[in-house]
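Asks: Structure incoming, see below.
There are 2 protein chains.
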Amino acid sequence: MQAPARLELIALPGLPMVRPGDDLAALLAQALAGAGLELRAGDVLVLAQKIVSKAEGRLVRLAEVTPSADAMALAEETGKDPALVELILSESRRVVRRRPGVLIVEHRLGFIMANAGIDQSNVGEGMALLLPADPDTSAERLRAALGAPTGVGVVINDSFGRPWRRGTAGVAIGAAGLPALVDRRGEADLFGRPLQVTMIALADEIAATASLLMGPAAEGRPAVLVRGLSWSAPASPAATLIRPEEEDLFR
Amino acid sequence: MQAPARLELIALPGLPMVRPGDDLAALLAQALAGAGLELRAGDVLVLAQKIVSKAEGRLVRLAEVTPSADAMALAEETGKDPALVELILSESRRVVRRRPGVLIVEHRLGFIMANAGIDQSNVGEGMALLLPADPDTSAERLRAALGAPTGVGVVINDSFGRPWRRGTAGVAIGAAGLPALVDRRGEADLFGRPLQVTMIALADEIAATASLLMGPAAEGRPAVLVRGLSWSAPASPAATLIRPEEEDLFR
Numbered sequence: 001m002q003a004p005a006r007l008e009l010i011a012l013p014g015l016p017m018v019r020p021g022d023d024l025a026a027l028l029a030q031a032l033a034g035a036g037l038e039l040r041a042g043d044v045l046v047l048a049q050k051i052v053s054k055a056e057g058r059l060v061r062l063a064e065v066t067p068s069a070d071a072m073a074l075a076e077e078t079g080k081d082p083a084l085v086e087l088i089l090s091e092s093r094r095v096v097r098r099r100p101g102v103l104i105v106e107h108r109l110g111f112i113m114a115n116a117g118i119d120q121s122n123v124g125e126g127m128a129l130l131l132p133a134d135p136d137t138s139a140e141r142l143r144a145a146l147g148a149p150t151g152v153g154v155v156i157n158d159s160f161g162r163p164w165r166r167g168t169a170g171v172a173i174g175a176a177g178l179p180a181l182v183d184r185r186g187e188a189d190l191f192g193r194p195l196q197v198t199m200i201a202l203a204d205e206i207a208a209t210a211s212l213l214m215g216p217a218a219e220g221r222p223a224v225l226v227r228g229l230s231w232s233a234p235a236s237p238a239a240t241l242i243r244p245e246e247e248d249l250f251r
Numbered sequence: 252m253q254a255p256a257r258l259e260l261i262a263l264p265g266l267p268m269v270r271p272g273d274d275l276a277a278l279l280a281q282a283l284a285g286a287g288l289e290l291r292a293g294d295v296l297v298l299a300q301k302i303v304s305k306a307e308g309r310l311v312r313l314a315e316v317t318p319s320a321d322a323m324a325l326a327e328e329t330g331k332d333p334a335l336v337e338l339i340l341s342e343s344r345r346v347v348r349r350r351p352g353v354l355i356v357e358h359r360l361g362f363i364m365a366n367a368g369i370d371q372s373n374v375g376e377g378m379a380l381l382l383p384a385d386p387d388t389s390a391e392r393l394r395a396a397l398g399a400p401t402g403v404g405v406v407i408n409d410s411f412g413r414p415w416r417r418g419t420a421g422v423a424i425g426a427a428g429l430p431a432l433v434d435r436r437g438e439a440d441l442f443g444r445p446l447q448v449t450m451i452a453l454a455d456e457i458a459a460t461a462s463l464l465m466g467p468a469a470e471g472r473p474a475v476l477v478r479g480l481s482w483s484a485p486a487s488p489a490a491t492l493i494r495p496e497e498e499d500l501f502r
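In order, the protein sequences belong to chains A and B. Just so you know, we're using the numbering used here here: the first sequence kicks off at 1 and counts up by one. Just so you know, we're using the numbering used here here: the second sequence kicks off at 252 and counts up by one.
So, in structure tokens, the structure goes:
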């Protein structure tokens, strides 16, 4: 990866509120064309999880969810809506932390996150929005549907809380067309010494960058074009950013 | 915080290799002027930890460090240089994880990080570079020395490994002139529902953004101007990003 000297970030104007069943690629193509933007090598289009999930129909009406006994017990323990807890459990491999007001799980996709990433902001009363079923595949499908040339990436981002640090930051949950993780092992520093930091979470840094423009609930600006990047490594999905438990130095 | 529709990122050209004792603010002012850039409201100047530490003379010659018995034992256990381990311990409150090749500590400033953030890339053979003594104060001092007007922030960034996710990402270790953490509690979503995500790690997202231009060892591009942000919350230092242990939902 050659770090760029300049980058431009553009929140796509003119994107309508996305609804279940919408052709998101078509809406994005319209917004790009309307802004006079044509995708080119070094562009990464970052999409808020929210609009990808909505287009994919991942909205659930909580009143239609029947909580299991496990969900009822966990809802009691955490003070959360039993239907919401049922959805969280259905999206998770295991509960990582539970306490009043808090439910951290390992999402079925491997993310360690609060509430399995289920979102109730900007989705309407009584509704809950699940993460896309397979965000890496969603990113790849959108990349293809946009007719993006080689050297154009798509990232789907979300805001995650982090251990040890306060506040949320943008994180990549899906990626296509770019190396989500850049491996610089074997490269040398300016003095010829092997680089100490050798794996860079490129897609996460891009996801955090786009968050600056989206705002916390991605209100009104859920698609951001990052223009001016370059990379030489082959594309790798956001799933490569998930650290296998046995490799985790911090646990 | 009003999220911007556009952002521009500019790696400052013409910054010389920083050496101990250099007047970093003067070098930055020269580089800004040379590039025809004048700091204005909404700008955040992001500086790699490396150049701040170097200017502050935080370079240590490992041959001049005498390892304690504790450091010798831990060096044996982790396979690291005893002098380096002595430096790591002297910069830390406690050891969080130790195993062959790995030493994660709680830095005296509260960061949970590998090797207490001590850097051996791009600093010369046999040398080690410590974090700035007080990065928030460094950021404030640089902000003042640059004569930055109100609405201009300075962030000092570094690359941290993260639990659960592979690769490093840029993180703010010092900040001045901007709210490192933005509190949106009490705000509503587009449907009038209270926002779910309410604390945004603004300085961390800015730090990650700048990392995209700096590259992994901040080679050659250790200062990045982020142009086009805006915020209304009062300034708060990067120390506010450190989550007190008792508040940590993930532990």
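Glycine residues also receive a C-beta, built at the ideal position from the N, C-alpha and C atoms. These numbers were taken from a predicted model, which means no experiment stands behind them.
Closest to Gly-220 of chain A by CA distance: which of A:Leu-229, A:Glu-8, A:Lys-50 is it?
Replies: The residue with the shortest Cα to Cα distance from Gly-220 of chain A is A:Lys-50.
Asks: What does a CB cutoff of less than 7 Å around Ile-88 of chain A pick up in its chain, not counting 5 residues either side in sequence?
Replies: Contacts found: Leu-103, Val-105, Asn-115, Ala-116, Ile-118.
Asks: Going by beta-carbon coordinates alone, are Ala-176 of chain A and Glu-140 of chain A separated by less than 7 Å?
Replies: The answer is yes: Cβ separation under 7 Å.
Asks: Give me the chain A residues within the contact set of Thr-419 of chain B, using Cβ-Cβ distance strictly less than 8 Å, ordered along the chain.
Replies: The answer, in chain order, is Val-197, Met-199, Ile-200, Ala-201.
Asks: Just checking: is the beta-carbon of Ala-489 of chain B within a distance shorter than 7 Å of some beta-carbon in chain A?
Replies: With 7 Å as the cut-off, Ala-489 of chain B does not count as an interface residue toward chain A.
Asks: Taking DSSP as the reference, what is the three-state secondary structure of Asp-503 of chain B?
Replies: Summary: the structure shown does not reach residue 503 of chain B, with chain B confined to residues 252 through 502, and so no result is reported for it.
Asks: Which class does Val-356 of chain B belong to by DSSP, given the choice of helix, strand or coil?
Replies: Three-state DSSP puts Val-356 of chain B in a strand.
Asks: For Leu-360 of chain B, which residues from the same chain have a beta carbon less than 6 Å from its beta carbon, with the 5 sequence-adjacent residues on both sides left out?
Replies: Excluding residues within five positions, none has a Cβ falling inside 6 Å.
Asks: At a CB-CB cut-off below 8 Å, which residues of chain B make contact with Thr-78 of chain A?
Replies: Going along chain B, no residue has its Cβ under 8 Å from Thr-78 of chain A, so there is no contact; the nearest lies around 11 Å.
Asks: Which residues in the same chain have their Cβ closer than 8 Å to the Cβ of Pro-100 of chain A, if we skip the five residues on either side of it in sequence?
Replies: So the qualifying residues of the chain are Glu-77, Thr-78, Gly-79.
Asks: Name the DSSP beta bridge partners of Gly-161 of chain A, please?
Replies: Paired residues: A:Thr-168.
Asks: In chain B, which residues lie less than 8 Å from Glu-205 of chain A when you measure between Cβ atoms?
Replies: Those are Ala-420, Gly-421, Ala-459, Thr-460, Ser-462, Leu-463, listed as they occur along chain B.
Asks: Considering only residues of the region 264–336 of chain B, which uninterrupted alpha helix (DSSP H) runs meet the minimum length of 4 residues and lie entirely inside it, listed in chain order?
Replies: DSSP runs (the alpha helix (DSSP H)) wholly in the region 264–336 of chain B: 275–285, 300–306, 320–329.
Asks: Identify the continuous alpha helix (DSSP H) that holds Glu-205 of chain A and give its terminal residues.
Replies: Glu-205 of chain A -> alpha helix (DSSP H) spans 202–214.
Asks: Taking the C-alpha atoms as reference points, what is the distance between Ala-33 of chain A and Ala-69 of chain A?
Replies: Looking at the two C-alpha atoms, the distance is approximately 51 Å.
Asks: How long is the line joining the alpha carbons of Arg-394 of chain B and Glu-438 of chain B, rounded to whole angstroms?
Replies: Cα to Cα, the separation comes out at about 31 Å.
Asks: Tell me whether the beta-carbon of Trp-482 of chain B lies closer than 7 Å to the beta-carbon of Leu-397 of chain B.
Replies: Contact flag unset, no.
Asks: Check whether the Cβ of Leu-9 of chain A lies closer than 7 Å to any Cβ atom in chain B.
Replies: It does: the Cβ of Leu-9 of chain A has a partner Cβ on chain B nearer than 7 Å.
Asks: By the three-class DSSP mapping on this structure, what secondary structure does Leu-432 of chain B have?
Replies: In the structure shown, Leu-432 of chain B sits in coil (DSSP, three-state: anything other than H, G, I, E or B).
Asks: Short of 7 Å in beta carbon distance, which residues of its chain neighbour Ser-487 of chain B, apart from the five on each side in sequence? Order them along the chain.
Replies: Excluding sequence neighbours, Ser-487 of chain B sits near Pro-430, Ala-431, Leu-432.
Asks: Exposed or buried, Glu-456 of chain B, counting other C-beta atoms within 10 Å across all chains shown (16 or more means buried)?
Replies: Under this definition Glu-456 of chain B is a buried residue.
Asks: Name the residue from A:Pro-82, A:Ala-83, A:Asp-81, A:Ala-71 whose alpha carbon lies nearest to the alpha carbon of Arg-94 of chain A.
Replies: The candidate whose alpha carbon is nearest that of Arg-94 of chain A is A:Ala-71.
Asks: Check whether the Cβ of Leu-181 of chain A lies closer than 7 Å to any Cβ atom in chain B.
Replies: So yes, Leu-181 of chain A belongs to the interface.
Asks: Along chain A, in chain order, which residues have C-beta atoms closer than 9 Å to that of Pro-264 of chain B?
Replies: Chain A residues near Pro-264 of chain B: Ala-5.
Asks: Could you tell me which chain A residues have their CB closer than 7 Å to the CB of Leu-340 of chain B, listed as they occur along the chain?
Replies: Residues of chain A passing the Cβ test: none, with the nearest at roughly 18 Å.
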